[in-house]
Structures are given as structure tokens and as C-alpha cells.
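S.K.: Per numbering that gives the first Met the number 0, residue 0 is the first one in the sequence shown, and the count goes up by one each step.
Glycine included, every Cβ here is placed at the ideal spot set by N, Cα and C.
Quick one: the structure is below, questions incoming.
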Amino acid sequence: MISLPVQDSLFNYRVAGVAILNGKVLMHKTPSDHFWSLPGGRAELFEFSKDTLLREMQEETGMQVQVGKMLWISENFFRYNGIRHHEIGFYFEMEIPGLKDQTDFSGSEGQEELLFSWIDVRSLDSVPIYPHFLAAELARNPLETGHFTMDFTNLDGL
């Protein structure tokens, strides 16, 4: 996985999917986190970003997805669990063929449990989600492409 420690910091290359259906977006989090994010994960070395999303969704949920166009690129600096992170994120449209319903479910990343929930895009401004730009962008109809930069390294963290 492309996650490189550099001195007292960590560099991540992350890919995430945007699945919106019936006005709800699929989000995930660990049980201990107090925020939601879009599902996805870190790219592997020599793996194309769309392939990363296909692999991560299969590993974490068992779902076969279809990856669409790239929506956003983010350069995000933040603290998580006391560690400064420099994250480059690619965000793609994503469809889940054969989805039977939009009930909450659990998945896993290795030994760690992940909680998945379909959250109404109209309520995202009252739900803690990261990166911060997502709340406003996910509420747009239609979604617009963009490049976002955020620096939250001076804050206490997520």
C-alpha cells in the first residue's frame, strides 16, 4: 500500500468511490472513529487508481462495483491519531450493480471492522465527514469536478 512514513509524518495515496442512489451516498467509518468518509483505500504500488477502487470495494464489502469518471482530486494535510498526514486523494463516480437495498451493513479491512451507511446528501452538513469539502460537493446536483486543498495539521485532529 502506498503509505510512506516520512520523519514524524505519513504520506497516503488514497482512492475513494462516490455512490449516490435515491439521494443517499454510501459512507463508511471504523467503530471508533467519530467521522464518516467515502469508501475506498490506499493504492498499491503500480496499481491504477480505478483498479484500487475495484479491489478495495471487493475486499471491504464483497461488492463488485463499476468505476466511472474522476470527480475530484484532493491534497489534504491533517492529523489523525496524533500523526500528521499528507494525503493525495482521487475520488471517482461509482455504481453498485445488483444492489438490493440501502440498509446499513458491516465490512472489514483486514481485522478491522468497517461500518457502512447510506446517508442522505441533504443532511451531510450536520454529519461529521472528512475531508471537509465532501459535504458541499456531494450535495451538488449534478456533481462537478474539482481540485481541493486543505491544511488541518495545526488542529487537534479527526
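Report all residues from its chain with a CB closer than 7 Å to the CB of methionine 56; omit the five preceding and five following residues, and keep chain order.
M.R.: Gly16, Pro38, Met62 and Val64
S.K.: Looking only at DSSP bridge pairs, what is aspartate 119 linked to?
M.R.: Lys23
S.K.: Here's the rule I'm using: 16 or more other beta-carbon atoms within 10 Å means buried, otherwise exposed. How should leucine 137 be labelled?
M.R.: buried
S.K.: According to DSSP, is alanine 15 helix, strand or coil?
M.R.: strand
S.K.: Is asparagine 75 closer than 9 Å to glycine 88 when the C-beta atoms are compared?
M.R.: yes
S.K.: Would you identify the three-state DSSP class for leucine 114, choosing helix, strand or coil?
M.R.: strand
S.K.: In or out: threonine 51 buried (at least 16 other Cβ within 10 Å) or exposed?
M.R.: buried
S.K.: By how many angstroms is the C-alpha of asparagine 21 removed from the C-alpha of leucine 70?
M.R.: 19 Å
S.K.: Tell me whether valine 66 is buried or exposed, calling it buried when 16 or more other Cβ atoms sit within 10 Å of its Cβ.
M.R.: buried
S.K.: Kindly indicate which residue of Phe10, Leu25 and Thr29 has the alpha-carbon position closest to the one of glycine 109.
M.R.: Closest option to glycine 109, Cα to Cα, is Thr29.
S.K.: Is the beta carbon of leucine 98 less than 9 Å from the beta carbon of glycine 106?
M.R.: Not a contact, by the Cβ cut-off of 9 Å.
S.K.: Rank Asp103, Pro127, Glu43 and Asp124 by C-alpha distance to the C-alpha of tryptophan 117 and give the top, closest one.
M.R.: Among Asp103, Pro127, Glu43 and Asp124, the Cα nearest to that of tryptophan 117 belongs to Asp103.
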